[in-house]
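Inspection log for the structure reproduced underneath, given as structure tokens.
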Amino acid sequence: MFVYNDLNRDGLYNEFEPPLDLVTIRLRNEQGQQVAVKATGQDEQDGPGRACFSSLESGRSYTVEATNRSGYRWTTPNTTALVVLPATQVSVEFGAAQDHLYIPVLVR
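First residue of the sequence shown: 95, per my numbering; consecutive thereafter.
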């Protein structure tokens with residue numbers, strides 16, 4: 095799983111967009127039970143913006159859900175379904191962009 099800071103807010107990863115750490119990624123099984131949870135960038139082996147899960151059962155369906163950091167909004171869907179196939183690596187990308195604070199001004 096890879097989460098990036100979608101600087102241009104287009105919902106597509108571009109090489110200039112940096113990874114986003116500290117985003118919680120949850121895996122749920124077919125019954126909706128949480129089977130794994132990990133934050134992006136917390137494991138040196140995974141790398142920045144990434145949360146990797148291994149030892150998942152082949153042929154099983156999972157729901158991947160990302161919970162955003164405070165101050166960010168999703169530019170892509172934050173939930174997706176996947177099926178794990180034998181000897182296959184699955185990659186899921188989530189994009190998020192910083193919120194902008196808009197303060198209305200009333201001029202008199």
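Ideal Cβ placement from N, Cα and C applies to all residues, glycine included.
Leaving out the 5 sequence neighbours to the left and right, which residues in its chain are closer than 8 Å to residue i when beta-carbon positions are compared?
{"i": "residue 175", "result": "155, 156, 157 and 158"}
{"i": "residue 126", "result": "157"}
For a quick check, are the C-beta atoms of residue i and residue j less than 8 Å apart?
{"i": "residue 147", "j": "residue 121", "result": "yes"}
To the nearest whole angstrom, what separates the beta carbons of residue i and residue j, a pair I think is in contact under 8 Å?
{"i": "residue 142", "j": "residue 153", "result": "No, residue 142 and residue 153 are not in contact; Cβ-Cβ is about 31 Å, not under 8 Å."}
{"i": "residue 191", "j": "residue 163", "result": "The Cβ separation is near 11 Å, so there is no contact."}
{"i": "residue 100", "j": "residue 109", "result": "Actually they do not touch by this definition, with Cβ atoms about 13 Å apart."}
{"i": "residue 173", "j": "residue 105", "result": "Residue 173 to residue 105, Cβ: 15 Å. No contact."}
Please return the same chain residues whose Cβ sits closer than 6 Å to the Cβ of residue i, not counting the five positions on each side in sequence.
{"i": "residue 97", "result": "114, 117, 134, 143 and 188"}
{"i": "residue 161", "result": "118"}
{"i": "residue 150", "result": "178"}
{"i": "residue 95", "result": "119, 145 and 186"}
{"i": "residue 130", "result": "121 and 147"}
{"i": "residue 107", "result": "98 and 187"}
Where does residue i fall in DSSP's three states?
{"i": "residue 99", "result": "strand"}
{"i": "residue 189", "result": "strand"}
{"i": "residue 156", "result": "strand"}
{"i": "residue 113", "result": "strand"}
{"i": "residue 133", "result": "strand"}
{"i": "residue 119", "result": "strand"}
{"i": "residue 163", "result": "coil"}
{"i": "residue 178", "result": "coil"}
Below 7 Å CB to CB, which residues in the same chain sit around residue i once its five sequence neighbours on both sides are set aside?
{"i": "residue 165", "result": "192 and 193"}
Would you say the beta carbon of residue i is closer than 7 Å to some non-hydrogen atom of the ligand FMN?
{"i": "residue 176", "result": "Judged by which ligands are present, the structure shown has none, so any question about the ligand FMN falls away."}
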